[in-house]
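So the protein lines, in turn, are chains A and B. Okay, so the first sequence: first residue is 521 according to the numbering used here, each after it adds one. Okay, so the second sequence: first residue is 4 according to the numbering used here, each after it adds one. Everything on this sheet refers to the single structure shown next.
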Amino acid sequence: MRIQQISLKNYRQFRDQTISFDRPAKKDLWAIVGLMGTGKTNLLNAIGWCLYGDEPLSSEKSKGLPLLNLAAHEEGEVGHRQSVEVEVVGETDTGENVTFVRRASYRKGKGKSLPLLEGVDFEVEIPSSKGSRLVSESDDPPASAFVERFVPKAIRDHFFLTGERLDRYFRDTLGQSIKHEVFVISQIDLLEKVHGRIDKIISEFRREAGQKIPGIENTTEALANCKKDFQEKDKQIENCKGQIAKADLRIKQIQEELTGSPDIEKLENKRNELLQRQNIKEQGRNDKLKEKGELLFDYGKILLSQKATQRSLQAIDQMRKDRKIPPTHDSDLLKRVRREKFCHLCGRPLDEKSTQRVKNLIDDVLPGGASKAIDRMEPRLRQLTEKLNSFGSSMKRVTREIKGYEDDLAEIDKEVAGIDSKLSGYNRDKIRRLHGERISLEDTRQHNTRLQGRLELNKEQLASQIKTLEEQERKQMIREGRHRKLRERMDFCNTAMNVLKETREDIMSDIRKKIADETKRRFFGLHWKKSSYSNITIDEDYRVDLLDRSGLPAFGTISQGEMEILTLAFTLALHEVSGFDSPIIVDRPLAMVSGPPRRKIVNVFSKISEKKQIILLFTPDDYSSDISEILNSQTSGRLRLVMSPDERETTAEGF
Amino acid sequence: MSDGEISDRILTGIKTHSKGKDPVEKFLKELLFEEIKHTGKWHWKETYERLMGKHLKKDKNK
Chain A
521 MRIQQISLKN YRQFRDQTIS FDRPAKKDLW AIVGLMGTGK TNLLNAIGWC
571 LYGDEPLSSE KSKGLPLLNL AAHEEGEVGH RQSVEVEVVG ETDTGENVTF
621 VRRASYRKGK GKSLPLLEGV DFEVEIPSSK GSRLVSESDD PPASAFVERF
671 VPKAIRDHFF LTGERLDRYF RDTLGQSIKH EVFVISQIDL LEKVHGRIDK
721 IISEFRREAG QKIPGIENTT EALANCKKDF QEKDKQIENC KGQIAKADLR
771 IKQIQEELTG SPDIEKLENK RNELLQRQNI KEQGRNDKLK EKGELLFDYG
821 KILLSQKATQ RSLQAIDQMR KDRKIPPTHD SDLLKRVRRE KFCHLCGRPL
871 DEKSTQRVKN LIDDVLPGGA SKAIDRMEPR LRQLTEKLNS FGSSMKRVTR
921 EIKGYEDDLA EIDKEVAGID SKLSGYNRDK IRRLHGERIS LEDTRQHNTR
971 LQGRLELNKE QLASQIKTLE EQERKQMIRE GRHRKLRERM DFCNTAMNVL
1021 KETREDIMSD IRKKIADETK RRFFGLHWKK SSYSNITIDE DYRVDLLDRS
1071 GLPAFGTISQ GEMEILTLAF TLALHEVSGF DSPIIVDRPL AMVSGPPRRK
1121 IVNVFSKISE KKQIILLFTP DDYSSDISEI LNSQTSGRLR LVMSPDERET
1171 TAEGF
Chain B
4 MSDGEISDRI LTGIKTHSKG KDPVEKFLKE LLFEEIKHTG KWHWKETYER
54 LMGKHLKKDK NK
């Protein structure tokens, strides 16, 4: 079914507007161009409201406002009634029309109050043997059942899209959600519903059997418990899968966010380590600078007295040479030497001559203190001279050490600057938080994977127990011939359930394969750089992966344009497999794409429109000259949304 | 799938897995059509039991 016409009365910006999409001879491609605020998105919202009763893309601000057009609201007196009406005319493959109409009635309130909603009704006009028939929500089947045959509500996002969704779909959508959508379109949910209801009926039969047949109650009770456990395990497994899928999706998003950003944690640890080293080195350098200062101060003093010192030493040397200074001034030692007649300095006995000399020395030395003072001064003077001689080498050493510290500090500064440059421009807190979140998600994932493994093992054991118990129950019922009817009904239900189960398993595996094959076929058919990728895989939990030439996952490196093509390929595959050949309407398909891929994407839509109705909504910026060059020659119709100067009404004009 | 119908894939699957048990096949197909007809709340149990009775009878006659 394609959209033949949309009529809007008093709906938001539209006062009274009909847009027709007459079936074209060739490409079913339509472009609608409008500035922000002229009602492009509200065209999609109008379709959503008409078919499903809600506006999928309305902003928080719009949600609180009535649908009624502002100019219409201001007309008439208090209590005046106005209605909002959106009509979508669909055209079936056989050329018949199905018309969906939703109306909301409003009554004008007092003063500046908002109009009061009085009621909403929905009708569908379908072709019948007598021409056409009007179906309302109170009929059986109700009008909404016919919408489900056009585009089921659960999968409408695969038909009414935005450029942002095309870009984000595989980044934001859980495999489980995709699986659910696939279940809806392939009607597996319908099989499950019937299966669940028959199972409920069997449980009632089992309770009845337990009451009627003696001895069977233990088996039926055990069976009921096993089945309950089995279902519980199933739920837990699904929960684990959900947790794993959520973790996977978030890890993927984090990886994407962290792509190109540095490992903040590691770099900051390194930076802190460098700052600590810098502190130590600075302390060392400061100590050495202090040492150098002290050295200079000390040597300054020595330097000033250098001449006097040298002269003093020269004088002492001369006095010593002239034997004016005795070898020692220790009177006690001299007296002892004289008394013992033994020299304790040279270790030999004294002869007469030497004894006389020691006596003279005692007589000469002991009365005056000059030679003793010289004796005390001399080592200090020599020390000062030595120190002065070592000044050069000490200064060199300290200067070298200071330079060593300064070189190290310059190196550290360079490394810190390098890290700072790597970190600049990044939100460090955010990156650190993302790294932390990723670690925690990886833990969650690991925990749930292990748990899932254990639960699946338990489930297998329970399945085997259930089989044994069912057989046992059956045998017991056969032995008890009186309740043959009950047994027959249970057998019939069990057979029906097995048929449903086997059908479900077949379809699930068949659909997954078909979607994967079809997505692959479409993607490689539409993509302009086919050789960049080797395959598309879809696992049993509907996690989709695009593989590069080396067979590695390529989601991290795929461009926005390519991502849109992949989502489109998947969407088309779902359309194909589901059999719902409804149109695709995209609000701002180029919103997330820049550069040359824009033209390529438009060409892709043009190609798709050879077999399917495509309606694209653009802003004038998106509909740039390079895009209009393609679309002006390939579209079946182009409309421009124009807002009235008082901004109360939008009209659509062909261009 | 055509509008408002059960997919051929499901109908074929049910036929295949019923392995010649016509009453079971028909019972399931009728249940599926009933389900697709009723989108809101409905008295499913009565319909299920009625259809089971009908097809079980055919099964026995067979």
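The beta-carbon is built from N, C-alpha and C at its ideal position, and this holds for glycine as well.
Check                                                                                                                                                                                       : Outcome
Can you look up Asn1123 of chain A in the DSSP assignment and give me helix, strand or coil?                                                                                                : helix
Determine, for Arg543 of chain A, whether the minimum Cβ-Cβ distance to residues of chain B falls below 9 Å.                                                                                : no
Three or more beta-carbon pairs under 8 Å between the region 584-595 of chain A and the region 548-556 of chain A, yes or no?                                                               : no
Just by C-beta distance, which residues in the region 34-63 of chain B are closer than 8 Å to chain A?                                                                                      : Leu34, Leu35, Glu38, Ile39, Lys40, His41, Thr42, Gly43, Trp47, Lys48, Tyr51, Glu52, Met55, His58, Leu59, Asp62 and Lys63
Could you check how far apart the C-beta atoms of Ala674 of chain A and Val704 of chain A are, in whole angstroms? I think they sit under 8 Å.                                              : 4 Å
Am I right that Ile845 of chain A and Ile882 of chain A are in contact with their C-beta atoms under 8 Å? What's the rounded C-beta distance?                                               : Rounded, the Cβ-Cβ distance is 15 Å, inconsistent with contact.
If we count the other Cβ atoms within 10 Å of its Cβ and call it buried at 16 or more, is Cys1013 of chain A buried or exposed?                                                             : buried
Indicate the three-state DSSP secondary structure (helix, strand or coil) for Leu590 of chain A in the structure shown.                                                                     : helix
Can you check DSSP and say which residues form a bridge with Tyr531 of chain A?                                                                                                             : A:Phe534 and A:Leu588
Have a look at Gln1133 of chain A and Ile959 of chain A and give me their C-alpha separation to the nearest angstrom.                                                                       : 46 Å
Consult DSSP for Ala545 of chain A and reduce its assignment to one of helix, strand or coil.                                                                                               : coil
Between which two residues does the alpha helix (DSSP H) holding Ser697 of chain A run?                                                                                                     : Gly695 to Ile705
Is there at least one Cβ from chain B nearer than 9 Å to Leu686 of chain A's Cβ?                                                                                                            : no
Does Asp548 of chain A pass the burial test, meaning 16 or more other C-beta atoms within 10 Å, or should it be called exposed?                                                             : buried
Only counting the same chain, and skipping five residues up and downstream in sequence, which positions put a Cβ closer than 8 Å to that of Arg1024 of chain A?                             : Ile708, Leu711, Glu712 and His715
Give a yes or no on whether 9 Å exceeds the smallest Cβ distance from Gln524 of chain A to chain B.                                                                                         : no
How would you list, in chain order, the residues of chain B whose beta-carbon sits under 7 Å from the beta-carbon of Glu1022 of chain A?                                                    : His20
Would Gly1081 of chain A be called buried (16 or more neighbouring beta carbons within 10 Å of its own) or exposed?                                                                         : buried
Quick one: list the residues of chain B neighbouring Ala1016 of chain A, beta-carbon separation under 7 Å, in chain order.                                                                  : Val27, Phe30 and Leu31
With 9 Å as the threshold, decide whether the Cβ of Arg717 of chain A is near any Cβ in chain B.                                                                                            : yes
Can you find the residues in the same chain that come closer than 6 Å, C-beta to C-beta, to Glu1000 of chain A, ignoring five residues on each side of it along the sequence?               : Ile733
Please decide whether Gly23 of chain B counts as near chain A, where near means a Cβ-Cβ distance under 9 Å.                                                                                 : no
With respect to the beta strand (DSSP E) encompassing Ala1036 of chain A, which residues constitute its N-terminal and C-terminal limits?                                                   : Run containing Ala1036 of chain A: none in the beta strand (DSSP E); it sits in the alpha helix (DSSP H), Arg1004 to Leu1046.
Any Cβ of chain B within less than 9 Å of the Cβ of Gly1099 of chain A?                                                                                                                     : yes
Looking at the structure shown, is Cys866 of chain A part of a helix, part of a strand, or coil, going by DSSP?                                                                             : coil
Label Phe862 of chain A either buried or exposed according to how many other C-beta atoms from any shown protein chain fall within 10 Å of its C-beta, with 16 as the threshold for buried. : exposed
Hey, does Cys570 of chain A have any beta-carbon neighbour from chain B nearer than 9 Å?                                                                                                    : no
Is Gln707 of chain A close to chain B? Criterion is C-beta to C-beta, closer than 9 Å.                                                                                                      : yes
Judging by CA-CA distance, which residue of A:Val609, A:Val640, A:Ser540 and A:Lys1021 is the nearest neighbour of His20 of chain B?                                                        : A:Lys1021
Roughly how many whole angstroms lie between the Cα atoms of Ile1150 of chain A and Arg1158 of chain A?                                                                                     : 12 Å
Is there a Cβ from chain A that is less than 9 Å from the Cβ of Ile17 of chain B?                                                                                                           : yes
Taking contact to mean at least 3 C-beta pairs separated by less than 8 Å, is the region 689-702 of chain A in contact with the region 718-737 of chain A?                                  : no
Please classify Ser633 of chain A as buried or exposed, where buried requires at least 16 other C-beta atoms within 10 Å of its C-beta.                                                     : exposed
Where DSSP assigns a beta bridge to Ala1172 of chain A, which residues make up the other side?                                                                                              : A:Leu1161
Find the nearest neighbour of Glu788 of chain A within the set A:Asn880, A:His678 and A:Glu935, judged by alpha-carbon distance.                                                            : A:Glu935
If you follow the beta strand (DSSP E) that Tyr689 of chain A is in, where does it begin and where does it stop?                                                                            : No beta strand (DSSP E) contains Tyr689 of chain A, which is instead part of the alpha helix (DSSP H) from Gly683 to Asp692.
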